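K.L.:
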Amino acid sequence: MIPKGNMFYSIFKNRCPRCHETNVFINKSPCKAGFMKSHSHCAHCGLKYEQEPGFFYGAMYVSYALTVAFSVAVFVAYYVFSLLFKYEFNTLHYLIINMLGLFAFSPIMFRLSRMVWINFFISYKPEQRGEKYERN
Ligand SMILES: [Zn+2]
65 MIPKGNMFYS IFKNRCPRCH ETNVFINKSP CKAGFMKSHS HCAHCGLKYE QEPGFFYGAM
125 YVSYALTVAF SVAVFVAYYV FSLLFKYEFN TLHYLIINML GLFAFSPIMF RLSRMVWINF
185 FISYKPEQRG EKYERN
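Each residue of the sequence shown is one higher than the one before, starting from 65 at the first, in the numbering used here.
1) Could you check if L111 belongs to the surroundings of ligand 1, using beta carbon to heavy atom distance under 6 Å?
2) Just to check, is the beta-carbon of H108 closer than 6 Å to a non-hydrogen atom of ligand 1?
3) What are the complete alpha helix (DSSP H) segments, minimum 4 residues, inside the region 116–172?
4) Heavy atom of ligand 1 less than 6 Å from the Cβ of R82, yes or no?
5) Given that a residue counts as buried once 16 or more other Cβ atoms are within 10 Å of its Cβ, and exposed if not, what is R88?
6) Going straight from the alpha carbon of C109 to that of T86, what length do you get?
7) Whole-angstrom Cβ separation of Y128 and I182, contact assumed at under 8 Å?
8) What do you reckon, are the CB atoms on R82 and I186 nearer than 7 Å?
9) Which whole-angstrom value is the C-beta distance of Y142 and I161, which I expect to be below 8 Å?
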């Protein structure tokens, strides 16, 4: 259990990075249609999530890093699996498994990369509220 006030609480629970009170995304579940839609402002503290036009383009860098980490993890798991069960390592199988995994986890990766990106710039300050704090 991650305590409120920790950056990882905001990242993994998709909460406002400043107050950790409200959800950033409209749908709580990443499995529903419209999983990309997010609120424009925090209903609790008034933080504007998209700090400037195109702010979340930077989340693509985070998404790239997460994708590489996921692919390496799948590679290691598949390699260990092939050693344990004396299965010949097949690169094509690895690529197919990795592609299916990336496709299945893409909504989670999308949200995670956006939350990591916004948490780079906005820290936990629950005492800040209102429109005068809208710009950081
Ligand atoms: Zn907030």
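No residue lacks a Cβ here, since even glycine has one placed at the ideal position from N, Cα and C.
In this text the structure is predicted, and so the values were computed from the model without any measurement.
P.N.:
With the given structure in hand:
1) Counting from one through the sequence shown, the residue named residue 111 turns up at place 47. Checking the Cβ of L111 against ligand 1 gives yes.
2) Your numbering for residue 108 matches position 44 in the sequence shown. Yes, the Cβ of H108 comes within 6 Å of a heavy atom of ligand 1.
3) 123–148
4) Within the sequence shown, numbered from 1, the residue matching residue 82 stands at position 18. Yes, the Cβ of R82 comes within 6 Å of a heavy atom of ligand 1.
5) Residue numbering aside, residue 88 sits at position 24 when the sequence shown is read from its first letter. For clarity, residue 88 is Val in the given sequence; the question names Arg instead. With 16 or more other Cβ atoms within 10 Å, it is buried.
6) For the purposes of this step, residue 109 is identified with residue 45 of the sequence shown, where counting begins at 1. For the purposes of this step, residue 86 is identified with residue 22 of the sequence shown, where counting begins at 1. Taking the straight line from one Cα to the other gives about 9 Å.
7) For the purposes of this step, residue 128 is identified with residue 64 of the sequence shown, where counting begins at 1. For the purposes of this step, residue 182 is identified with residue 118 of the sequence shown, where counting begins at 1. About 17 Å separates the two Cβ atoms, so there is no contact after all.
8) As a position in the sequence shown, residue 82 is number 18, starting the count at 1. As a position in the sequence shown, residue 186 is number 122, starting the count at 1. Yes, Cβ-Cβ distance for R82 and I186 is below 7 Å.
9) Counted from its first residue, the sequence shown places residue 142 at position 78. Counted from its first residue, the sequence shown places residue 161 at position 97. The pair is a contact, with the Cβ atoms about 6 Å apart (cut-off 8 Å).
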